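Structure first, commentary second.
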Amino acid sequence: MLSGYLLGYKSDASGAFYEKEGFIIVSLSWILLSAFGALPFVFSGSIPNFIDAFFETSSGFTTTGASILTNVEELSHSMLFWRSFTHLIGGMGILVFALAILPRSNRNSHIMKAEVPGPIFGKFVAKMSYTARLLYKIYFAMTGILIILLILVGHPVFDSFVHAFGAAGTGGFGIRANSIAYYNSPVVEMILATAMIIFGINFNLFYVILIGKARDGFKSEELRWYLLIVFGSVVLIFFNIRHNYTSYLTAVKDIFFTVSSIISTTGYATVDFGKWPTFSHAILLFLMFTGACAGSTAGGLKISRFIILVKSSILQFRKAINPKRVLSVKVDNKLVGNEVLAEVKGYFVIYIFLIIIFTVLISFTVPDFLTAFSAVMATFNNIGPGLSVVGPTGSYASLTYFNKIVLSLAMLAGRLEIFPILILFSSTTWKKK
């Protein structure tokens, strides 16, 4: 209601609804829904402090998975279900869900663009409401298949639901203190690891498969880079930590699960990767940075942006060597326009700037730089666990209320890809037309 009133105040006499208004309604809705979503935790006494509850709920809706709970097993089943259910809804987007059930409107595309952004925005079909319904049908069908698979291999029914919600939304809220490691089940771990990789893929690919054009979908350059980064990371970390294992097969399993969890920005854990060597930490921080594919439920910079940045950097280097050469950036054999290049570069600059700002803000009261930096990387990129104090065996409980507010803002900014949140802080946003 409040966001609707503010939008009414902002709109012109014709009631036109533009891209900026779409950004405003999305950002306000996510903030307000996170605030209201915190109330069950407060009223039930599960998380009596509102700031802590807001942090937990923001983490849920943004599919981050960062938690202030030191003993999650004390929560009732109803609170555990609500906590994981926020992942399911937030994964595809709170307002995309609304678009799936609302009548078609020319305003809808601006909302969808704000909530499901990427370097090259597109849609499956002409009608936004139909696109949203199609997205959710694919999303829920895949989630249902994952639930069934987990139950079939003997995973408890309730646990299957909440872990499927977390994997589908790439959120990672667990219901055990030591996450997935509690079950000591290699089969469950491999199912979840594979699911996390799949949900990190652009949902356009699944649509293409449904209409019988799978061959075209698998030609995606972003998909190839994504899978190559996963494979390369597993191999590099294996050679770095193989001496810690008596079984190479177990090592590969643990590494694959961790890499899948981090690059998909899910945050489930089977081992304490905080104890891994520095080289492995560097690779994990790189995966936090890239994230998975655009158009997926994952966070991070996105592989598509990373591809454009790498190719653009190579192009600039080649131009410096031979200024007369006419070169261009191509993705999937299609020319990337100057406008898209400028948008990606601009986004990257703001992305790095905000990481620095958030790190500086929380470093005043955080015990060490690794904790501060990894906490920002883990929340801003919607991953969950960081390193050191906020590692997979720790929590965000010891951070100050100020830091929790800052990191909650980082989670929301990261999930909405910066601009919808930043626009709230612009003075021109609130001037009456």
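If you read the sequence shown in our numbering, its first letter stands for residue 1133, the second for the next number, and so on.
Where is the CB? At the ideal position from N, CA and C, for every residue including glycine.
Only a predicted model underlies this, so the values are computations on that prediction, with no experimental measurement involved.
H1413 versus E1549 - alpha carbon distance:
25 Å
What would DSSP say about L1416, mapped onto helix, strand or coil?
helix
Going along the chain, which residues of its own chain have a beta-carbon closer than 6 Å to the beta-carbon of L1324, five neighbours each way excluded?
A1299
For the alpha helix (DSSP H) that contains L1502, what are its first and last residues?
1501-1512
Report the option in Y1314, V1289, S1161 whose CA atom is closest to the CA atom of E1205.
Y1314
Under three-state DSSP, which class holds K1407?
helix
So is I1233 buried or exposed if we call it buried at 16+ other beta carbons inside 10 Å?
Unreliable placement is indicated for I1233, whose pLDDT of 45 sits below 50; no coordinate value is reported for it.
Just to confirm, is the Cβ distance from S1159 to I1555 under 8 Å?
yes
So G1399 packs on S1392, CB below 8 Å; how close in whole Å?
The Cβ separation is near 11 Å, so there is no contact.
Beta-carbon proximity of V1403 to D1386, cut-off 8 Å
yes
If you drop the 5 nearest sequence neighbours on each side, which residues of the same chain put their C-beta closer than 6 Å to that of L1138?
With a pLDDT of 48 at L1138, under the threshold of 50, the modelled position of that residue is not reliable, and the figure given next carries that caveat. Excluding positions up to five away in sequence, the list is empty.
Mapping the DSSP letters down to three states, classify K1434 as helix, strand or coil.
coil
Mapping DSSP to helix, strand and coil, what is K1466?
strand
Less than 8 Å between the beta carbons of T1429 and F1405, yes or no?
no
Within the continuous alpha helix (DSSP H) that includes K1385, where are the two ends?
1380-1395
Buried versus exposed call for V1442 [16 or more other C-beta atoms within 10 Å across all chains shown]
exposed
Proximity to D1500 [Cα-Cα], best of T1511, I1489, V1521:
V1521
Buried or exposed by the 16-neighbour rule on C-beta atoms within 10 Å, applied to G1276:
exposed
Distance, N1454 Cα to S1190 Cα:
49 Å
Where does R1239 sit, in a helix, a strand or coil, going by DSSP?
Because R1239 carries a pLDDT of 49, less than 50, the predicted location of this residue cannot be relied on, and no value is offered for it.
Quick check on the DSSP output: the alpha helix (DSSP H) that includes N1336 runs from which residue to which?
1335-1342
Which listed residue (F1331, S1527, I1369, F1175) has its alpha carbon closest to that of S1355:
It should be pointed out that residue 1355 corresponds to Leu in this sequence rather than to Ser. Among F1331, S1527, I1369, F1175, the Cα nearest to that of L1355 belongs to F1331.
Would H1295 be called buried (16 or more neighbouring beta carbons within 10 Å of its own) or exposed?
buried
Using the Cβ count rule (16 or more neighbours within 10 Å means buried), how would you classify A1395?
A quick correction: the sequence has Ile, not Ala, at residue 1395. Buried is the call here.
Cutting at 8 Å between CB atoms, please list the residues of its own chain near M1543, excluding the five before and the five after it.
S1190, S1191, T1194, T1196, A1198, T1511, F1512, N1514
With DSSP as the reference, label A1426 as helix, strand or coil.
coil
Where do the N-terminal and C-terminal ends of the alpha helix (DSSP H) with F1173 fall, by residue?
1171-1176
Which of helix, strand or coil DSSP assigns to P1552:
helix
Which same chain residues, not among the five before or five after S1527, have their C-beta less than 7 Å away from its C-beta?
S1199, I1200, L1201, T1202
Whole-Å CB distance - F1186 paired with S1166, under 8 Å assumed
6 Å
What first and last residue would you give for the alpha helix (DSSP H) that runs through G1349?
1346-1349
Along the chain, where does the alpha helix (DSSP H) containing T1402 start, and where does it finish?
Counting along the chain, T1402 falls outside any alpha helix (DSSP H), and DSSP gives it neither H nor E.
V1472 versus S1436, I1484, A1452, residue with shortest Cα-Cα distance
S1436
Could you have a look at H1287 and say whether DSSP puts it in helix, strand or coil?
coil
F1272 versus S1352, G1225, I1361, I1553, residue with shortest Cα-Cα distance:
G1225
For the alpha helix (DSSP H) containing T1218, name the first residue and the last one.
1209-1224
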